[in-house]
Amino acid sequence: MTIFSFLQFAFIQKALVAGIFIGLLCSVLGLFLVLRRLSLIGDGLSHISFGAVALGLFFGFYPIYVAIPVVIIGSLVILKISEKAKVYGDAAIGIVSAFGISGGIIMASLSHGFNVDLFSYLFGNILSISTSEMILSIVLSAVVILVILFFFYDLFSVSFEEEYAKTTGIKTNAINTLLVILAAVTVVLAIRIVGIMLVSSMLILPATTALQIAKSFKSALLVSALTACLSVIFGIIISFLLDLPAGATIVLLGGLIFVAAFAYRKIFS
Amino acid sequence: MQIASIKNLNINFGALKVIHDVSFEVAKGDYIGLTGANGAGKTTLLRAILGLEKIKSGNIKLFGTDLSNFSNWEDIGYLPQNITSFNPLFPATAGEVVGLGLLSQKKFPRFINRRDHEKILSALQMFNIENLKDRSVGELSGGQQQRVFLARAMVSEPKLLLLDEPSTALDPATRELFFETIGRLNKEKQVTIILVTHDIGSVGHYASRLLYIDKRVIFYGKFSDFCSSHDMSSYFGSSSQHIICHQHD
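These protein sequences, in sequence, are chains S and H.
Note that our numbering gives residue 123 to position 123 of the first sequence, counting from 1, and the numbers run on in steps of one.
Note that our numbering gives residue 176 to position 176 of the second sequence, counting from 1, and the numbers run on in steps of one.
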């Protein structure tokens, strides 16, 4: 038995494949969100997904299928509130996430019977991911990454300077809507890896790590993607070897990589 | 050829009138110095031409097309007033930022190709900053950033350039280079220019026409006509008019 013999386990293989896809997705989208100062939208959407997961469990539906449309609607409501209601984006996130959390708590309290399931969504468990969940994660991640690639320069321009982007003919409102919809899908997918409690860190940590060392936008994307992949791969391996919770290990590793990048910048620049 | 036509334009910020019944036309090759006191509505007017301000009433046409239907944004280059509005932590190089000016030429999906990189380099060379191409724009000095944003405005080789306080943050040598460059573009390539400036005294050195506003149009015409205008003499007072025109001489 070698040190890599754990790779023969099907559940580890599924976790690694799904984790890398979702990690890549989080790292790319997270960079746009962080640069748009929308980092906390991940937190808000995860709170909405808590309500949506509770709703799914309450009615006996597969929670992720319920969460995707509900969180997309929640993300659009956040956008509309911040555009129309004279409310800053962070306050809009707070308003909508309060509905998600309170709704979820009421559902959980009414049902009495699904608290264990809800617990698994709160903290995630990528090691228990099923084959169908893995396929769903790969397909949705690939679709979202392709959409990002097609709109890459539109997203880049709007993130850099929205008003200027408008003067080059980019439909900035449509791009903002696209960004929050993509964020909603990403958050729901990432719940299976790190859970509702830690999902925003999957969006924030790789991006903020990249901002410590990258000089160009393309290098920031590369560093962000690399950070996410390393966190997921080594997080899964370490959690398996040391019998630790996978989600928390992945996030903690991401946090340590951020600290290392921060120290590197302070020392060498 | 008519480049822009603004008719009976009114813009309010809440109850406050910021642009009142402004009308003027811009022909191909015009070089207009748009000036006025603080709060006169210069930047608002420029932003309205770009569709960035909500219009209360009136009409704006660009290249003969109503602004609401206008889509040839590659014909327009724009330098915003406040270039520091971008996030200084944004990891973009000067070359990448200048490349954003080319997106107006692209149809979906927009990509920057190898030929575009040559255009980006030429735009950077126009302001002697080709050496900054791979530097992060957030790390550059204010003057260097201003030149990067000017290069971005120029990179699509626009027919109409809208520049809001372009010489702010430029050192005297770069300022001279800038006015020489856009003066040459105006004369040799017939690029139409609307340049917002506070500096009414020196605007006549480069602009062919003066548009002076104070929420409404006070004067629109040649600088020499401004100096000989009795109306302007009554508006500014003859001594102020004399000082302005003397600076021009």
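Each residue gets a CB set at the ideal place from its N, CA and C atoms; glycine is no exception.
Query raised in the report: Terminal residues of the continuous alpha helix (DSSP H) containing L210 (chain H)?
Result: Position 210 of the second sequence holds residue 210 (chain H). Not the alpha helix (DSSP H): L210 (chain H) falls in the beta strand (DSSP E), residues 209 to 214.
Query raised in the report: chain H beta carbons: is any one of them nearer than 8 Å to that of F150 (chain S)?
Result: Position 150 of the first sequence, counted from the first residue, corresponds to residue 150 (chain S). Taking Cβ atoms only, chain H reaches closer than 8 Å to F150 (chain S), which makes this a yes.
Requested in this report: Please classify Y88 (chain S): does DSSP put it in a helix, a strand, or coil?
Outcome: Here residue 88 (chain S) refers to the residue found at position 88 of the first sequence. Coil at Y88 (chain S), not helix or strand.
Query raised in the report: Hey, out of S:Q212, S:S102, S:R37, S:A207, whose CA is closest to S159 (chain S)'s CA?
Result: Residue numbering aside, residue 159 (chain S) sits at position 159 when the first sequence is read from its first letter. When only C-alpha atoms are compared, the closest one is S:R37.
Report task. Please name the residues in the segment 104 to 125 of chain H whose beta-carbon is closer than 8 Å to at least one beta-carbon of chain S, in chain order. Result -> S104, K106, F108, P109, R110, F111, I112
Report task. Classify D116 (chain H) as helix, strand or coil using the three-state DSSP reduction. Result -> Counting from 1 along the second sequence, the entry for residue 116 (chain H) is found at position 116. Helix, per DSSP.
Query raised in the report: Which residues bound the beta strand (DSSP E) around E188 (chain H)?
Result: Here residue 188 (chain H) corresponds to residue number 188 of the second sequence, with the count starting at 1. First-last for E188 (chain H): 172 to 189, but that is the alpha helix (DSSP H), not the beta strand (DSSP E).
Report task. Please check if any C-beta of chain S sits within less than 8 Å of the C-beta of N87 (chain H). Result -> Reading the second sequence from its first residue, position 87 is the one you call residue 87 (chain H). Closer than 8 Å: yes.
Query raised in the report: For G124 (chain S), which of helix, strand or coil comes out of DSSP?
Result: Within the first sequence, residue 124 (chain S) is the residue found at index 124, counting from 1. Looking at G124 (chain S) - three-state DSSP - the assignment turns out to be coil, as it is neither helix nor strand.
Query - Alpha carbon of Q8 (chain S) to alpha carbon of F149 (chain H), nearest angstrom - result: Here residue 8 (chain S) refers to the residue found at position 8 when the first sequence is read from its first residue. Here residue 149 (chain H) refers to the residue found at position 149 when the second sequence is read from its first residue. Spanning the two alpha carbons is a distance of roughly 54 Å.
Query - Entirely enclosed beta strand (DSSP E) segments - the segment 44 to 104 of chain H, minimum 3 residues - result: 57 to 62, 76 to 79
Query raised in the report: Below 8 Å, can you find three or more Cβ-Cβ pairs linking the segment 119 to 138 of chain S to the segment 205 to 220 of chain S?
Result: no
Query - Residue burial classification, F268 (chain S) (beta-carbon count within 10 angstroms, cutoff 16) - result: Numbered from its first residue, the first sequence carries residue 268 (chain S) at position 268. Exposed, since its Cβ has fewer than 16 Cβ neighbours within 10 Å.
Query raised in the report: Using CA coordinates, which residue listed in S:S128, S:E162, S:F234 is at the minimum distance from A10 (chain S)?
Result: The residue you call residue 10 (chain S) lines up with position 10 of the first sequence. When only C-alpha atoms are compared, the closest one is S:S128.
Requested in this report: List the endpoints of the continuous alpha helix (DSSP H) containing V137 (chain H).
Outcome: If you number the second sequence from 1, residue 137 (chain H) lands on position 137. First-last for V137 (chain H): undefined, no H or E at that position.
Query raised in the report: Do the CB positions of G42 (chain S) and L221 (chain S) come within less than 8 Å of each other?
Result: What you label residue 42 (chain S) is simply residue 42 of the first sequence in a count that begins at 1. What you label residue 221 (chain S) is simply residue 221 of the first sequence in a count that begins at 1. No. Outside cutoff.
Query raised in the report: Taking G95 (chain H) as the reference, which of H:G58, H:E165, H:F127, H:D225 has the closest Cα?
Result: Position 95 of the second sequence holds residue 95 (chain H). The shortest Cα separation from G95 (chain H) among H:G58, H:E165, H:F127, H:D225 belongs to H:F127.
Query raised in the report: Given a limit of 8 Å on CB to CB distance, which residues of the segment 236 to 256 of chain S reach chain H?
Result: none
Report task. My understanding is that Y31 (chain H) touches Y206 (chain H), with C-beta atoms under 8 Å, so please give their C-beta distance in whole angstroms. Result -> By 1-based counting over the second sequence, the position of residue 31 (chain H) is 31. By 1-based counting over the second sequence, the position of residue 206 (chain H) is 206. Confirmed, Cβ separation roughly 7 Å.
Query raised in the report: Less than 8 Å separating the beta-carbons of I129 (chain H) and A153 (chain H)?
Result: Your numbering for residue 129 (chain H) matches position 129 in the second sequence. Your numbering for residue 153 (chain H) matches position 153 in the second sequence. Result no, Cβ atoms of I129 (chain H) and A153 (chain H) do not sit closer than 8 Å.
Report task. Residues of the segment 166 to 188 of chain H with a CB closer than 8 Å to any CB of chain S: list them in chain order, please. Result -> none
Requested in this report: Output the distance between the C-alpha atoms of H198 (chain H) and L189 (chain S), rounded to the nearest integer angstrom.
Outcome: As a first step, residue 198 (chain H) must be located in the second sequence, where it is residue number 198. As a first step, residue 189 (chain S) must be located in the first sequence, where it is residue number 189. Near 53 Å, if we compare the C-alpha coordinates of L189 (chain S) and H198 (chain H).
Report task. Identify which residue in H:V137, H:H117, H:L52 has its Cα closest to the Cα of T93 (chain H). Result -> Along the second sequence, read from residue 1 onward, the residue named residue 93 (chain H) stands at position 93. Here the closest residue by C-alpha is H:V137.
Query - I170 (chain S) versus S111 (chain S): straight-line alpha-carbon distance, rounded - result: Residue numbering aside, residue 170 (chain S) sits at position 170 when the first sequence is read from its first letter. Residue numbering aside, residue 111 (chain S) sits at position 111 when the first sequence is read from its first letter. Between I170 (chain S) and S111 (chain S), the C-alpha separation is close to 47 Å.
Query - Short CB-CB distance (under 8 Å) between F32 (chain S) and chain H - result: The residue you call residue 32 (chain S) lines up with position 32 of the first sequence. No, F32 (chain S) does not count as interfacial toward chain H.
Query raised in the report: Of all the CB atoms in chain S, is at least one closer than 8 Å to the CB of V97 (chain H)?
Result: Reading the second sequence from its first residue, position 97 is the one you call residue 97 (chain H). Chain S contact via Cβ: present.
Query raised in the report: Between the segment 83 to 92 of chain S and the segment 130 to 137 of chain S, are three or more C-beta pairs nearer than 8 Å?
Result: no
Query raised in the report: Given a threshold of 16 other Cβ atoms within 10 Å of its Cβ, counted over all protein chains shown, does G36 (chain H) qualify as buried or as exposed?
Result: Mapped onto the second sequence, residue 36 (chain H) falls at position 36. So G36 (chain H) counts as buried.
Query raised in the report: Taking DSSP as the reference, what is the three-state secondary structure of H230 (chain H)?
Result: By 1-based counting over the second sequence, the position of residue 230 (chain H) is 230. Three-state DSSP puts H230 (chain H) in a helix.
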